[in-house]
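Visitor: Structure below; questions to follow.
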Amino acid sequence: INNVQHTFYGFPDNDPPSARTAYDCGYGRGYTAGGKGTYDDPRTMATAPGEFNKCEIVWDPYTKKYLIFQDTCEQCTKDCKSAVASPHIDIWTRSSTQSGGNAQIQCENRLTPDRGHNVIRSGS
8 INNVQHTFYG FPDNDPPSAR TAYDCGYGRG YTAGGKGTYD DPRTMATAPG EFNKCEIVWD
68 PYTKKYLIFQ DTCEQCTKDC KSAVASPHID IWTRSSTQSG GNAQIQCENR LTPDRGHNVI
128 RSGS
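Counting with the numbering used here, you get residues 8 to 131 for the letters of the sequence shown.
Right, dumping it as structure tokens:
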């Protein structure tokens, strides 16, 4: 998929603030975001429902991680439905507590690229 907007999220800016996800995709973590980014332990990503298949694993060359569609993202959904519709993924930063607060959100903003990057689906 070409020109995918990448953003990052964690415990403090998840809705509600937590590590809870929309889907249980296995990997021994239930409805909890996580993952190392390997194929056997993909990192959680959020996006608009329908943008990817639930629990689909993709390769992200920008982060050099395997990602799994395990959560939904309100801004991603808005972007998908906008006049200039483009795919948008929000990648879990592996935060485990709310204590990261504003410093964590600033870090996520620094990780966010200023342009879209390609994401590779299995079999692509």
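Ideal placement from N, C-alpha and C gives every residue a C-beta, glycine not left out.
Restricting to runs no shorter than 4 residues, where is the alpha helix (DSSP H) found entirely within the stretch 43-117?
Guide: Those alpha helix (DSSP H) runs which fall completely within the stretch 43-117 and span 4+ residues are 81-88.
Visitor: Identify which residue in Val11, Gly17, Asn10 has its Cα closest to the Cα of Ile112.
Guide: Position 105 of the sequence shown, counting from 1, holds the residue named residue 112. Ranking the options by Cα distance to Ile112, first place goes to Gly17.
Visitor: On the DSSP bridge list, what partners appear for Ile127?
Guide: For the purposes of this step, residue 127 is taken as residue 120 along the sequence shown, with counting starting at 1. Ile127 pairs with Trp66.
Visitor: Does Val126 pass the burial test, meaning 16 or more other C-beta atoms within 10 Å, or should it be called exposed?
Guide: Indexing the sequence shown from 1 puts residue 126 at position 119. Result: buried.
Visitor: Have a look at Ala29 and Ala55 and give me their C-alpha separation to the nearest angstrom.
Guide: By 1-based counting over the sequence shown, the position of residue 29 is 22. By 1-based counting over the sequence shown, the position of residue 55 is 48. Cα to Cα, the separation comes out at about 11 angstroms.
Visitor: Assuming contact is defined by CB atoms lying nearer than 8 angstroms, are Cys80 and Asp97 in contact in what I supplied?
Guide: The count along the sequence shown starts at 1 and reaches residue 80 at position 73. The count along the sequence shown starts at 1 and reaches residue 97 at position 90. Yes.
Visitor: Would you grab the beta carbon distance between Gln82 and His95 for me? Rounded to a whole angstrom, and I think it's under 8 angstroms.
Guide: Within the sequence shown, the letter at position 75 stands for residue 82. Within the sequence shown, the letter at position 88 stands for residue 95. The pair is a contact, with the Cβ atoms about 7 angstroms apart (cut-off 8 angstroms).
Visitor: Under DSSP, the beta strand (DSSP E) around Phe15 begins and ends at which residues?
Guide: Here residue 15 refers to the residue found at position 8 when the sequence shown is read from its first residue. Here the beta strand (DSSP E) through Phe15 covers 12-16.
Visitor: What is the rounded straight-line gap between the Cα of Gly37 and the Cα of Asp31?
Guide: Position 30 of the sequence shown holds residue 37. Position 24 of the sequence shown holds residue 31. When rounded, the distance between both Cα atoms is 5 angstroms.
Visitor: In the DSSP assignment, what residue or residues form a beta bridge with Arg27?
Guide: Your numbering for residue 27 matches position 20 in the sequence shown. Per DSSP, Thr39.
Visitor: By the three-class DSSP mapping on this structure, what secondary structure does Pro120 have?
Guide: Counting from one through the sequence shown, the residue named residue 120 turns up at place 113. Looking at Pro120 - three-state DSSP - the assignment turns out to be coil, as it is neither helix nor strand.
Visitor: DSSP state of Asp20, grouped into three classes?
Guide: Within the sequence shown, the letter at position 13 stands for residue 20. It is helical.
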